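Visitor:
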Amino acid sequence: MRTRWLEWLLRLWRRLPAPLQFVYLRLRYGRFGIGVAALIRDERGKVLVVHRTYSRDEPWALPGGWLEGPEGVERTLERELMEETGLRVRAGPVAAMERTGFALVVLLHADLVDGVGGFRASPEVSEVAWVEPSDVGRLSPVNARLIRRALA
């Protein structure tokens, strides 16, 4: 039941104009939010990205989510990846940060605990892929800048 409800909400989200999405995020997270994202690399140096079902303009992104309460960025990252992908990660040090319009996005190095074999699709994430660092242009501009800064 919860999954169907979430799928319905995500379909609705995709249809909302960007200004309404922005208003909702401001109301939900206040004047300033903290987002976390994972920089996970494989043995060849490729970067793990996820396909977000709710984003029509930039569906491919670094895995992550929003900090909720006093849990800290490391715990937020580990929780979000488990909830959205079923992947267990060990969060590492901060790789890069960027201030956006109403949020601070913190990119953390992270390691997969069990590999990608534990991936399971969710209402928010339909698949994962590995991309070359030089091919991050298909991600959001913020994600691309964070990756470039972290790997410089």
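The numbering of the sequence shown is this note's numbering, which starts it at 130 and goes up by one.
Glycine residues also receive a C-beta, built at the ideal position from the N, C-alpha and C atoms.
Remember, predicted model here, so these are calculated numbers, not experimental data.
Can you say whether residue 241 is buried or exposed, counting buried as having 16 or more other CB atoms within 10 angstroms of its CB?
Guide: Looking at its Cβ environment, which holds 16 or more other Cβ atoms inside 10 Å, residue 241 is buried.
Visitor: Kindly indicate the opening and closing residues of the alpha helix (DSSP H) around residue 276.
Guide: Unbroken alpha helix (DSSP H) run through residue 276: 270 to 280.
Visitor: Which residue or residues does DSSP assign as beta-bridge partners of residue 166?
Guide: Answer is 193 and 236, bridged to residue 166.
Visitor: According to DSSP, is residue 265 helix, strand or coil?
Guide: Helix at residue 265.
Visitor: I'd like to know whether the C-beta atoms of residue 254 and residue 179 end up nearer to each other than 8 angstroms.
Guide: Their beta carbons are under 8 angstroms apart, which means residue 254 touches residue 179 by this criterion.
Visitor: Roughly how many angstroms lie between the CA atoms of residue 216 and residue 249, to the nearest whole one?
Guide: Cα-Cα distance, rounded: 8 angstroms.
Visitor: For residue 201, name the three-state secondary structure that DSSP assigns.
Guide: Coil, per DSSP.
Visitor: State the DSSP-derived secondary structure class of residue 176, mapped to helix, strand or coil.
Guide: Strand at residue 176.
Visitor: Return the chain-ordered list of same chain residues with a C-beta closer than 7 angstroms to the C-beta of residue 260, the five sequence neighbours on each side being excluded.
Guide: Taken in chain order, the residues that qualify are 175, 176 and 178.
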